[in-house]
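So the sequence shown is numbered by UniProt numbering: it starts at 1 and just counts up by one. What follows is a short report on a single structure.
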Amino acid sequence: MSFQCCRVIIDNDSCEDATVIQVYSENKHGILLQVVQILTDMNLLVKKAYISSDGGWFMDVFNVVDHDSNKVRHKEAIIYIQKTIESDACFISSPCGSVGVMPSGDYTSIELTGTDRPGLLSEVCAVLADLHCNVVNAEIWTHNARAAAVVHVTDESTKCGIQDPTHLSTIKDMLCNVLKGNNDLKSAKMTLSPPGVTHRQRRLHQIMFADRDYDRVERTGTGRVRDKSSRPHVTVLDCAERDYTIVTMRSKDRPKLLFDILCTLTDMQYVVFHGTVKTGRSEAYQEYYIRHVDGVPISSEAESDRVAQCLEAAIERRASEGLELELFTEDRVGLLSDITRIFRENSLSVKRAEISTKCGKAKDTFYVTDVSGNPIDPKIIDSIRHQIGQKRLLVKRDLAHLSEAPEQQETTISFFLGNFFRARPFQNFKPIRSCS
């Protein structure tokens, strides 16, 4: 079977509860992530996936549903998926992208990294408001005492990207001062980057990876200790007979989990040759047969330990905790500064946030805890909603009460990998690293 570059088949008949998307393509580094990124951007949930490569070609099969757990039935959506995957598969951008001072005409993209602390987002937003910058889109992640953000801003007067070099320099200096704080153990950074070079959420993974948020730190203070049973379990195994490294992951299921894992494997320069993804009611299981881009499997305990730590961090960065709040109101300059100031004055800590504006409306989602990581007093939320507006700020769900005991799923190696590996049983499995 031969294809010009990529072929996509979408089937709504063969599976009772999901749309099946089959992708046949040339085996280029990054193509798997590119396909999953398209599905993720359409807010499709991958319930199962099978990945297999043979020579210069690979075949992926994805079972997907929408957020209401329904099949993809709209003809326009099906056509979009097919055309987008087939076209993008032939034109893969650089895995890491470039970063430099290159503001867009529509907005200026700002990347931030620093030590996480209560009130940090409020301080950043206050500086931007004082400098007459309107935040039109942003995403903020925190993990392992580090914080990262990609923020798109416009000039208050022109409603466009900021072009004045002096203004840009002032923004950079003032934000760096805020990010450094009084005791930043790592260097704080603020970079102006060309928008659109790299997918925003992939860029956040790259920023936090470069910031070494995967390094484990000792927790001190009165904050709540996280239940170890809720943490991801990552295992790295040596398969010398097949000349692969096998990576298995079990974690609580959530949207975009597959995308997050593939971001990290791709940017760490590993190639997935075969793999399986399966999700249950509460738990996700993933298994990959990988090699480095130079064709060599993982060969040392130090390397396997780093892979396990980095994959655990990739899973945890987007794992939400606390109370999910959604703001929907008229957009204006300084809105985000006012909202985050109210959070700070009420001793709330923003663990993650997604900020967006469209047609003059702001739709923002915040994941908040108290400053110690404990559940928030309902009276405080009532007070905050009274200040902001009961209809503007909605309580979506309390993520602290949604944790369930993971399903006990089979953990044998060769999980659902079919006949490719069953033709010859594995006899030389040797654990390199087990991270739990």
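Cβ coordinates follow ideal geometry from the N, Cα and C atoms, glycine included.
For residue i, which three-state DSSP category applies?
{"i": "Gly-97", "result": "Residue placement at Gly-97 cannot be trusted, given a pLDDT of 33 that sits under 50; what the coordinates show is reported in the next sentence. Reduced to three states, the DSSP call for Gly-97 is coil."}
{"i": "Val-225", "result": "Legend: pLDDT at Val-225 = 45, less than 50; position of this residue unreliable, value from coordinates given subsequently. Residue state, collapsed to three classes: coil."}
{"i": "Cys-239", "result": "strand"}
{"i": "Ser-14", "result": "coil"}
{"i": "Leu-112", "result": "strand"}
{"i": "Glu-287", "result": "strand"}
{"i": "Asp-66", "result": "coil"}
{"i": "Ile-9", "result": "strand"}
{"i": "Tyr-214", "result": "coil"}
{"i": "Ile-298", "result": "coil"}
{"i": "His-205", "result": "helix"}
{"i": "Lys-159", "result": "coil"}
{"i": "Val-23", "result": "strand"}
{"i": "Ser-282", "result": "coil"}
{"i": "Ser-320", "result": "coil"}
{"i": "Ser-347", "result": "coil"}
{"i": "Arg-200", "result": "helix"}
{"i": "Ser-87", "result": "helix"}
{"i": "Lys-48", "result": "strand"}
{"i": "Arg-231", "result": "coil"}
{"i": "Val-293", "result": "coil"}
{"i": "Val-272", "result": "strand"}
{"i": "Ser-372", "result": "coil"}
{"i": "Tyr-80", "result": "helix"}
{"i": "Arg-352", "result": "strand"}
{"i": "Asp-364", "result": "strand"}
Let me know if residue i comes out buried or exposed under the rule of 16 or more other beta-carbons within 10 Å of its beta-carbon.
{"i": "Lys-396", "result": "exposed"}
{"i": "residue 441", "result": "As displayed, the chain neither begins before 1 nor continues past 436, which places residue 441 out of reach and without an answer."}
{"i": "Thr-170", "result": "exposed"}
{"i": "Glu-410", "result": "Residue placement at Glu-410 is poorly supported in this model, since its pLDDT is 39, which falls under 50; the coordinates still yield a value, given next. When all chains shown are included, Glu-410 counts as exposed."}
{"i": "Cys-6", "result": "buried"}
{"i": "Pro-232", "result": "buried"}
{"i": "Leu-394", "result": "exposed"}
{"i": "Lys-302", "result": "Sequence check: residue 302 is Ala here, not Lys. That one is exposed."}
{"i": "Cys-359", "result": "exposed"}
{"i": "Lys-351", "result": "buried"}
{"i": "Arg-203", "result": "buried"}
{"i": "Ser-251", "result": "buried"}
{"i": "Ser-122", "result": "buried"}
{"i": "His-74", "result": "exposed"}
{"i": "Ser-403", "result": "Below a pLDDT of 50, predicted positions are generally treated as unreliable, and Ser-403, at 43, falls in that range; no measurement from the model is reported."}
Using the C-alpha atoms, what's the distance from residue j back to residue i?
{"i": "Ala-308", "j": "Pro-165", "result": "42 angstroms"}
{"i": "Glu-156", "j": "Leu-168", "result": "14 angstroms"}
{"i": "Lys-363", "j": "Thr-198", "result": "23 angstroms"}
{"i": "Gly-389", "j": "Ile-381", "result": "11 angstroms"}
{"i": "Glu-354", "j": "Leu-32", "result": "25 angstroms"}
{"i": "Tyr-80", "j": "Ser-109", "result": "28 angstroms"}
{"i": "Val-368", "j": "Ser-383", "result": "15 angstroms"}
{"i": "Leu-192", "j": "Leu-257", "result": "28 angstroms"}
{"i": "Thr-220", "j": "Trp-141", "result": "Confidence is the limiting factor: at Thr-220 the pLDDT is only 41, short of 50, which leaves the residue's position unreliable, though a coordinate-based value still follows. Distance between the alpha carbons of Thr-220 and Trp-141: 21 angstroms."}
{"i": "Ile-290", "j": "Phe-343", "result": "44 angstroms"}
{"i": "Lys-391", "j": "Ser-304", "result": "50 angstroms"}
{"i": "Ile-51", "j": "Leu-325", "result": "37 angstroms"}
{"i": "Ser-337", "j": "Glu-26", "result": "47 angstroms"}
{"i": "Gln-37", "j": "Asp-260", "result": "9 angstroms"}
{"i": "Ser-53", "j": "Ser-14", "result": "23 angstroms"}
{"i": "Ser-372", "j": "Asn-12", "result": "47 angstroms"}
{"i": "Val-61", "j": "Gln-22", "result": "5 angstroms"}
{"i": "Ser-111", "j": "Lys-28", "result": "Residue identity check: residue 111 is Glu in the sequence provided, not Ser. Between Glu-111 and Lys-28, the C-alpha separation is close to 29 angstroms."}
{"i": "Gln-286", "j": "Arg-200", "result": "24 angstroms"}
{"i": "Ile-162", "j": "Tyr-288", "result": "44 angstroms"}
{"i": "Ala-77", "j": "Ile-9", "result": "13 angstroms"}
{"i": "Met-208", "j": "Gly-181", "result": "19 angstroms"}
Since residue i is in the beta strand (DSSP E), which residue starts that stretch and which ends it?
{"i": "Thr-248", "result": "244-252"}
{"i": "Glu-326", "result": "323-330"}
{"i": "Cys-359", "result": "No beta strand (DSSP E) holds Cys-359; DSSP gives it neither H nor E."}
{"i": "Cys-133", "result": "133-143"}
{"i": "Thr-191", "result": "189-193"}
{"i": "Asp-398", "result": "393-398"}
For the alpha helix (DSSP H) containing residue i, name the first residue and the last one.
{"i": "Met-174", "result": "165-180"}
{"i": "Ala-126", "result": "120-130"}
{"i": "Lys-379", "result": "378-388"}
{"i": "Asp-260", "result": "257-267"}
{"i": "Val-36", "result": "31-41"}
Hey, would you say the C-beta of residue i is under 7 angstroms away from at least one heavy atom of the ligand PLP?
{"i": "Leu-168", "result": "Among the components of this structure there are no ligands whatsoever, and the ligand PLP is therefore not found."}
- Message: Under 8 angstroms, with one C-beta from each stretch per pair, do the region 141-160 and the region 74-85 reach the 3-pair mark?
- Response: no
- Do the region 240-248 and the region 169-176 meet, that is, are 3 or more Cβ pairs less than 8 angstroms apart? no
- Message: Under 8 angstroms: do the region 330-340 and the region 116-133 share three or more Cβ pairs, one atom per stretch?
- Response: yes
- With a cut-off of 8 angstroms, do at least 3 Cβ pairs link the region 41-48 to the region 273-282? yes
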